[in-house]
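Working notes, structure below.
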């Protein structure tokens, strides 16, 4: 009797997953290309928050009002730039809230921020939204 010869044992080949990964990546690229072109320009716009109603008595204190000519009032009392630190008191507040007229020039506002007697006081701008029908 003759013994049957078995085929020589071949090592098993490990499966190659790189082709599957490339396919998935290409599908994702196509997906994002297509969905990116479907988004319309108006869908990506942002509506910023605006103050609609805020009573002036609810504004933070100390509040420095500055009109378009540069006149100032601290919590309703007229004050000059030279007397501002004295009007704030011996212990300067941590923050001074500034409500400036929209027509005030930037150089007048910057002159206030560089005053040496207000060094250490944080100046915070307060803004109000004025409805279009309420504007003069």
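In my numbering, the protein residues as written are 4 to 139. Cβ atoms here follow ideal geometry from the backbone N, Cα and C, with glycine treated the same way.
Integer-rounded CB distance, given that residue j should sit under 8 Å from residue i
| i | j | result |
| --- | --- | --- |
| residue 66 | residue 102 | 6 Å |
| residue 82 | residue 98 | That belief does not hold up - the Cβ atoms of residue 82 and residue 98 are roughly 17 Å apart, past 8 Å. |
| residue 71 | residue 106 | 4 Å |
Residue from the options whose Cα sits closest to the Cα of residue i
| i | options | result |
| --- | --- | --- |
| residue 85 | 10, 16, 119, 5 | 119 |
| residue 94 | 121, 117, 33 | 121 |
| residue 62 | 79, 33, 107 | 79 |
| residue 104 | 37, 60, 16, 73 | 73 |
| residue 68 | 7, 128, 5, 96 | 128 |
Residue i - DSSP class collapsed to helix/strand/coil
| i | result |
| --- | --- |
| residue 5 | coil |
| residue 10 | coil |
| residue 32 | helix |
| residue 21 | helix |
| residue 106 | coil |
| residue 15 | coil |
Residue i CB to nearest heavy atom of the ligand HEM below 7 Å
| i | result |
| --- | --- |
| residue 115 | The model depicted lacks the ligand HEM and carries no ligand whatsoever. |
Min CB distance residue i to chain B below 8 Å
| i | result |
| --- | --- |
| residue 8 | Absent from the structure: chain B. Only one protein chain is present. |
| said: Taking 8 Å as the cut-off, does the region 13 to 28 touch the region 75 to 93 (at least 3 CB pairs, one atom from each stretch)? | reply: no
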